[in-house]
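To start, the structure under review is shown below, and the notes come after it.
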Amino acid sequence: MGTFFDFIVEHIAQFLHFTAFANMTMGHVFMILIGLYFIYLAIAKEFEPMLLIPIGFGILVGNVAFAPGYQIGIYESGSVMNYLYFGVLNGIYPPLIFLGIGAMTDFSALISNPKLILIGAAAQLGIFGAYCIALALGF
2 MGTFFDFIVE HIAQFLHFTA FANMTMGHVF MILIGLYFIY LAIAKEFEPM LLIPIGFGIL
62 VGNVAFAPGY QIGIYESGSV MNYLYFGVLN GIYPPLIFLG IGAMTDFSAL ISNPKLILIG
122 AAAQLGIFGA YCIALALGF
């Protein structure tokens, strides 16, 4: 029985040596567990799912171990990281985030009390005024 067990262990170790698992470090494993934990918190416990699911997915994608010479980074066209970096580089994500937040906005309080639109307008004017002052001061 010992030789059969040794045979299985040897062949599993040889198989894993030719996969990306051979290149995983404890840092990769730790960060993948954190990413899975974030996704678990978002789905099972419903703690900020709109925030934790993308963060957890990003942690998982960013910590996938690759075999030497087969790394797919941000500069290889067609890779997932290249597409994600394209969104970061060209500023696509902030408008998408604000579009999603705007689509989830609950306007029932504004409909029931239309005077609140004046508060919203004053807030927008305050933001625009602060922006103009920052530009005038050279920031």
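Its first residue numbered 2, the sequence shown is counted upward by one per residue in my numbering. Where a beta carbon is used, it is the ideal one built from N, C-alpha and C, also for glycine. Note that the coordinates shown come from a computational prediction; the quantities given were computed from them, not determined experimentally.
With 16 or more other Cβ atoms from the protein chains shown falling within 10 Å of its own Cβ, Ile40 counts as buried. Residue state for Asn24 is assigned as helix, using DSSP reduced to three classes.
A straight-line Cα-Cα distance of about 7 Å links His29 and Ala66. A contact is defined here as three or more CB-CB pairs under 8 Å, and the segment 31-38 meets this definition with respect to the segment 55-65. Per DSSP, the continuous alpha helix (DSSP H) segment holding Phe6 begins and ends at Gly3 to His18. When the Cα atoms are used, Leu52 and Asn83 turn out to be separated by approximately 22 Å.
Going by DSSP, Gly63 is part of the alpha helix (DSSP H) stretching over Pro50 to Gly63.
In this chain, Met105 is not harboured by any alpha helix (DSSP H), its DSSP state being neither H nor E. No residue range can be given for Ser78, since it is assigned to no alpha helix (DSSP H) and is classified by DSSP as neither H nor E. By the criterion of a C-beta distance shorter than 8 Å, Ile44 is surrounded in its chain by Pro50 and Ile54, once the five residues flanking it on both sides are discounted. Under the three-state reduction of DSSP output, Ile112 falls in the helix class.
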